[in-house]
Amino acid sequence: MRIFGALANGEDMTHNCQDQHCNALQPSQWMCFAVPLEWNNATGTPWQYLTVQLTRESEDLAGDPDLYGLFYGGTAGAGKAVDTATFAYDFRETSSSTHRSVVKKVSRHAFDRPGQAMDYTGVFICVKAYGSANLTYSLRAVPTMCPADFTPQGDQLLCSSLVGRGEQRHSGCSADGTCQCLAPYAKPVASVYDNLGFEDCSARVEEAEGLTQAAPFVAQHVQLTPKDWAFYSFNVTEDDYQVVVNVDSENDTHCTNLGYTGLFVKYGQPPGWRYGQWDFRPEWDYYSERESDLEIRFDATHSAWQTGRYFVGVNGDDAHNCSFTLSITKYSCPLNCSGRGTCQHLDNGTRTCLCDKGFFGADCGNEAARLVWDTLLARENAAFEYDFFQLPDLNPSALTHSIEVSIKASFRSAGYGQWSVSRPALLLLQGDHPSNDVYTLKQVLQEHNTTYEIILCRSQLTQGLWRAAIYNPMHIYKVSYNLTVSRSAACLNNCSQHGTCTADGLCHCEGDWTGGDCSVSLAHHCAQGTRRATPMPSQAGTCWQECHCTDAGACAFTSECVAFTCDKPGMRRRGTAPECVADECSQARWNETDAHVCQLPCNCPANGGRCTLGASCAPRNFTCKPGFARFSDGQPKCYKASCQEASLHELPGAGPVGGGRAFGVCRCQGEEREGAERCAVAQALSVARVVCDDGYALTGASAEALGGTCVPVRRGTAAWAVVLWALFAALLGVGAGGGLLWWYEQRLKRAGLNEALFELALDQGF
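Going by the UniProt record's numbering, the sequence shown wraps up at 766, each residue one higher than the last.
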């Protein structure tokens, strides 16, 4: 066994001795490295954790390196030496056969012995080639105060943060070796379970923000590295009744095909995967082929339900990077009755669903598929628990005769081997959906590819509606099955050989025979002109045949239909043909959209066939709604027209025009496209039509009177102003003298009467 000296500084220990092949091993060969490591913090560098990474560099998977460690030196290490006997080592990591890179984290607290001095001075780190092929490897180690790790590429992590770069998840390291994690990596509550990632800041806690009964919380494309946890917290209120948590592993990750994710829920603190550390988890299916799709449902009927704060935990496996999408949904009733029913609040606090017609189940999520007579229903290779079906309706008249209904089923599945006691089953229940606990009739499908049958007789069929189900007890197994339903009837006296026995047990008589068993001959028992009814179900009507008598007195009904009546209301005869049709329409129908109102024609064929409603509007009965205009070529189409071509629209925000108003002109341009806008009002003042108020004139406009502003108009002296001036002059002559009057008179000549009066009022303090 060769031993090399090395340092635990995070670098590859084999780097300086590869010329001596210290990084290569043959099967069963050992290689050791002596690394100084003082346990006495007074003389050496303080540390609490030793982290060692062993990486297989060779490609051959048959090369399997195992890691072993042995502390030496001091009184504690007296007599300890490396050996090929693996039981004597202090720590080991032997899972490298399934992992290209393994990391061993050693806590010195795990070696504390009461009353014994831990004064080791170093550690032997050894590698043994356990596999059957030659291999090469790299080896790194680092002592730290806080938990450390290595990336698969050999980069050192401290408290789950790259040393010296990138996001730092911690603010420091305490003296006892605890990472002082920052949010959202810090513990959400004071007490958490060990090894969830809060010791080294690898776990993250996210609040399920925005989660209500109206809006679920969804976290998409969440990345999980091996062994890591992701936590989510949310609150349950008195109004909540059910919570559903789903995790779907994404298909583009190794985790989907090779690894797995775990899902757990706990009240009050983050859950762990051990028993007692969670309140809810998915149902455990050892043989499940859908481990990548996990679901937890819990509601107020569960003993662990309570209002307050819950935590969802998702963890990855030991070896694979996982990517997943998580959703949390809250309901006020079981799945809110799937939108197919009404929630009922019972006095005991339970909430149940009153399902709409055609739906059933606790959450109204089940709908029975309708079976068709004599039609094979086949389902291939599906994992399910129940598939529900509704038997076809029977003609009420058939229930008065001897009739039977047969339901046949067979199955095949790779999951149900000879060792399996369980088998799929065909279940029937009258009135409701069957289950393995509640059913009227049950037939176990014991053998593969073997047809089994349940028969319902007339007395059972008269009780009402029947539903069937295929039950797969091991719903994790994929099952293929065939299912058919048929009816058979025995007609009275076999229709006396004068008719055909229908599936409903009724005789369809031929020629001149009648009666329940076609035993009555009408060849010589009809009167001239009388008629008989001959049902024609395939034509949805009844043929009326008339009795004709010969000159010799022989009377018989003809085979022609002198009249034909329809069996169902709303149907009419197709012209003169012995056939009834149901019209889709009887007249044109008005159709309205956001853009137009038009009339859809009712098209009736000349041969009297079924009238159908036209798919296109009649152009002459087509009108565009306000805000829309019809295509100029007359097509029954409308484009958006917020204004009419060349119309004027006031522009209150177009800019100052003085004493007037500006109007924008509507212009339509561009290609006419259905539903698209092509008309708009020009907003610029420079191209607006300007209208001035009384007393203002347009100025600054172009030759087309576009743009411009309005200014006051100068006017001559009004008659009323002359009278007012005369009175004012008389007063002024008395009070102020002729000199002042003369000055205002000259001012009037220059500036006009109105302006002079204004200045005079200012001077006199009026």
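Positions of the beta carbon are idealized from the N, C-alpha and C atoms, including for glycine.
According to the DSSP assignment, Ser101 belongs to the beta strand (DSSP E) that extends over Ser101 to Ser107. If you compare the alpha carbons of Cys364, Ser191 and Asn348 with that of Thr342, the shortest gap goes to Cys364. For Val562, the CB contacts under 8 Å within the same chain, skipping 5 residues up- and downstream, are Arg531, Trp544, Gln545 and Glu546 in chain order. Apart from sequence neighbours up to five positions away, the residues of its chain that approach Ser480 with a beta-carbon distance below 8 Å are Ala378, Arg379, Glu380, Asn381, Ala382, Phe411, Arg412 and Ser413, ordered along the chain.
In this structure, the straight-line span from the alpha carbon of Ala129 to that of Cys17 is close to 18 Å.
Nearest C-alpha to Ser132 among Asp83, Ser28, Thr45 and Phe91: Ser28. Non-local C-beta neighbours of Lys637 in its own chain, meaning closer than 6 Å and more than five positions away in sequence, comprise Phe631 and Glu674, ordered along the chain. Between the C-alpha atoms of Arg574 and Val485 there is a straight-line separation of about 34 Å. Sequence-distant partners of Leu224 (beyond 5 residues in either direction) whose C-beta falls short of 8 Å from its own C-beta, in its chain, are Ala230, Cys255, Thr261, Val314, Asn315, Gly316, Asn321, Cys322, Ser323 and Phe324. The Cβ neighbour count for His345, taken over all protein chains shown within 10 Å, is under 16; the residue is labelled exposed. In terms of Cβ geometry, Gly268 and Arg204 do not form a close pair [threshold 8 Å]. By the C-beta density criterion, Ser249 is buried, having at least 16 other C-beta atoms within 10 angstroms. Assigned with DSSP and collapsed to three states, Gly341 falls in strand.
Ranked by Cα distance from Gln180, the first of Met145, Met118, Gln669 and Gly44 is Met145. Straight across, the Cα-Cα distance linking Gln587 with His596 is about 20 Å.
Bounds of any alpha helix (DSSP H) do not take in Arg574, whose DSSP letter is neither H nor E. Between Gln390 and Leu376, the gap from beta carbon to beta carbon reaches 8 Å or more. Going by C-alpha positions, Glu367 is about 15 Å away from Leu429. Here Val142 is bridged, per DSSP, to Thr51. Within a 10 Å sphere around the beta-carbon of Ala175 sit fewer than 16 other beta-carbons, which makes this residue exposed. Within its own chain, the residues whose Cβ lies closer than 8 Å to the Cβ of Cys643, once the five positions on either side in sequence are excluded, are His649, Cys666, Cys679, Ala680 and Val681, listed in chain order. Scanning Asp594, Glu592, Gly608 and Cys585 for the CA closest to the CA of Pro601 turns up Cys585. Looking at the backbone, the Cα of Asp293 and that of Asn246 are separated by about 7 Å. Arg379: member of the beta strand (DSSP E) spanning Leu377 to Ala383, first to last residue.
Pairing Asp240 with Ser338 gives a Cβ-Cβ distance that is not under 8 Å. Per the Cβ contact rule, the segment 149-167 is not in contact with the segment 186-193 (fewer than 3 Cβ pairs under 8 Å).
For Arg297, there is no enclosing alpha helix (DSSP H); the enclosing beta strand (DSSP E) covers residues Asp293 to Asp299. Taking a cut-off of 8 Å on C-beta distances, the segment 501-510 does not touch the segment 436-443, as fewer than three cross pairs fall below it.
Burial is judged here by how many other beta carbons sit within 10 angstroms of a residue's own beta carbon; Lys357 has fewer than 16 and is exposed.
Under a 10 Å Cβ-count criterion, Glu510 is classified as exposed, with fewer than 16 other Cβ atoms of the shown protein chains found around its own Cβ. Runs of the alpha helix (DSSP H) lying entirely within the segment 475-552, each at least 4 residues long, are absent. By the CB criterion at 8 Å, Met13 and Cys32 fall outside the cutoff.
Membership of Leu346 in any beta strand (DSSP E) is not indicated, and neither H nor E is assigned to it by DSSP.
For Asn436, the three-state secondary structure derived from DSSP is coil.
Between the C-alpha atoms of Thr212 and Val243 there is a straight-line separation of about 11 Å.
Taking the C-beta atoms as reference points, Tyr120 is found nearer than 8 Å to Gly73.
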